[in-house]
Amino acid sequence: MTIDHPSRRERMSRALNLTDEIVLVGAGHALPKPEISDAMLPFIAHQEYYYLTGHAGAPGGVLGFDPKSGWVSFVPEVTEMDRVWDGAEQLPGEFLSRLPAWLAARSGRRLAMLGVPLAEANADPATTTRVREALRHARAPKEPGELALMRRAAVATADGYTALQPFLVPGVSERRMQVELEAGFFRGGATKTGYDTIIGVGAHAAVFHGAPSPDRIARAGDFILVDAGAELDRYVIDVTRTYVAGGQPSAFQRDLYAAVKNAHARGCARCVDGAEWKDIHFGAAIDMVGSLVDMGVMKGNPTSLVEQEAHMLFYPHGIGHMVGLGVRDGSGLEPGRTKDPRPCLRSLRMDLILRAGHTVTIEPGLYFIPALLNDPGRREKYRDSVNWALAEEHQHLGGVRIEDNLLVTDGAPLNLTAAIPQAF
Ligand code: GLY
Ligand code: MN
Ligand code: MN
């Protein structure tokens with residue numbers, strides 16, 4: 005299924021609702037590798053530019069919009085050397101050399117500068133913010149073509165996780181698992197990984213953005229946390245699974261896993277049209293604190309523990325974010341809102357109302373993180389809210405996260421990544 009960019013731009017121009025302001029959207033520039041070489045770093049066109057043009061390989065490209073005359077795409081002129089060395093082909097549009105005249109003919113009008121800013125653009129910050137927010141909001145519900153790409157990326161992701169299963173055993177290194185997983189993604193049709201693969205064994209399962217190491221080896225009974233997804237034509241899947249090396253968890257690990265799995269299932273079910281994202285976040289926090297109270301790790305009433313932000317000891321991140329065109333697609337605030345200043349919401353990546361067509365991650369997790377659990381201030385503040393001896397006993401256990409990608413619909417949410425194997 006192809007994406008029709010001209011009709012997408014028409015739809016977006018109606019949503020931007022401009023009368024006199026003009027808009028530029030910069031693709032960004034290719035950067036040389038930081039060494040003496042003629043090679044360039046991989047070029048990634050800015051998300052806003054790519055969304056509006058579909059041009060992945062137009063370094064320096066600029067899209068212009070004037071509500072009085074419509075859209076115009078300024079593209080780099082492909083040279084003979086580009087054709088010889090890179091097999092480049094000329095993109096449709098006006099050559100970039102015509103951009104200064106286009107701008108000069110509109111001088112004095114307010115300018116919104118989206119994408120990667122142009123040094124020469126004299127943008128109005130308030131107009132830029134307003135237009136960027138309007139675009140973000142208008143493009144948040146996914147089109148069928150975008151969903152088709154996400155589904156294909158989900159299939160490639162499932163292929164990788166399936167290929168990984170025989171390697172979830174004692175003696176395997178994080179790096180070996182990464183190799184098997186990513187090979188499965190690529191065999192399944194991925195063009196890239198959606199982000200740097202995260203794999204942590206044992207205590208490292210609680211390192212949120214931990215890079216896989218050839219030197220960390222799973223021991224029998226270690227948690228193995230894998231947060232990785234495939235990318236296909238810029239569309240990304242963001243999934244986490246937590247396994248146990250050798251498949252034999254302790255009773256405590258099983259309870260911890262069940263606590264996260266329950267919060268995950270309930271969080272997924274809450275992803276309905278009209279739902280407040282913050283309610284889903286706090287709902288998961290209360291669910292998981294309730295389980296920690298049942299396990300004897302925390303003490304007190306779950307709702308009031310969450311009101312005191314005590315959940316941040318074991319669940320110090322948000323419930324998720326939008327995903328699709330990049331691992332952090334859209335997200336942000338509902339139009340007209342400002343960031344909620346509560347410390348416990350610092351890592352919540354969005355504060356908005358879910359709508360049919362949104363694609364979001366749901367990723368509750370519980371972790372034993374020494375840096376948080378050994379902090380004297382927290383120990384004092386939550387002296388009576390935690391069984392500190394039990395927390396200490398498990399402080400090298402790592403953690404559990406389960407993450408899936410949900411499509412909000414007019415009815416029940418659809419889990420796009422349900423086929424990816426779970427531990428138990
Ligand atoms: N993969 C990083 C995240 O879940 O946000
Ligand atoms: Mn993730
Ligand atoms: Mn995520």
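Residue numbers (my numbering): 5 to 428.
Positions of the beta carbon are idealized from the N, C-alpha and C atoms, including for glycine.
No experiment lies behind these values; they were computed from the predicted model shown.
query                                                                                                                                  : result
E178 CB to nearest heavy atom of ligand 2 below 6 angstroms                                                                            : no
Any non-hydrogen atom of ligand 3 within 6 angstroms of D242 CB                                                                        : yes
Proximal residues to H400 (C-beta, below 6 angstroms), its chain only, five neighbours per side dropped                                : A207
Reference I357, options L309, D283 and I228, closest by Cα                                                                             : D283
Where E98 falls: helix, strand or coil (DSSP)                                                                                          : strand
Cβ-Cβ separation, E98 to S77 (assumed contact under 8 angstroms), whole Å                                                              : 7 angstroms
Continuous alpha helix (DSSP H) stretch holding G294: start and end                                                                    : W281 to M299
Buried/exposed call for S101, threshold 16 Cβ in 10 Å                                                                                  : exposed
Cβ shell of T131 (< 6 angstroms), same chain only, five flanking positions each side left out                                          : E25, R114 and A116
Cβ-heavy atom distance, D200 to ligand 2, below 6 angstroms                                                                            : no
Close Cβ partners of Q252 (< 8 angstroms) along its chain, the five nearest in sequence each way excluded                              : A224 and G225
Neighbourhood of K196 by C-beta, 6 angstroms cutoff - its chain only, sequence neighbours within 5 removed                             : E235
C-beta contact flag for I228 and A158 at 7 angstroms                                                                                   : no
Contacts around T23, its chain only, beta-carbon distance under 7 angstroms, and the 5 residues preceding and following it disregarded : P71
D408 beta carbon near ligand 1 (any heavy atom closer than 6 angstroms)                                                                : no
Nearest to V396 (by Cα), restricted to the options A360, R405 and R383                                                                 : The question names Val, yet the displayed sequence has Glu at residue 396. When only C-alpha atoms are compared, the closest one is R383.
Alpha-carbon spacing of V88 relative to E39, whole angstroms                                                                           : 23 angstroms
For E407 and N373, the rounded distance between their alpha carbons                                                                    : Note that residue 373 corresponds to Ile in the displayed sequence, not to Asn. Distance between the alpha carbons of I373 and E407 is about 19 angstroms.
Three-way DSSP call (helix, strand, coil) for V230 in this model                                                                       : strand
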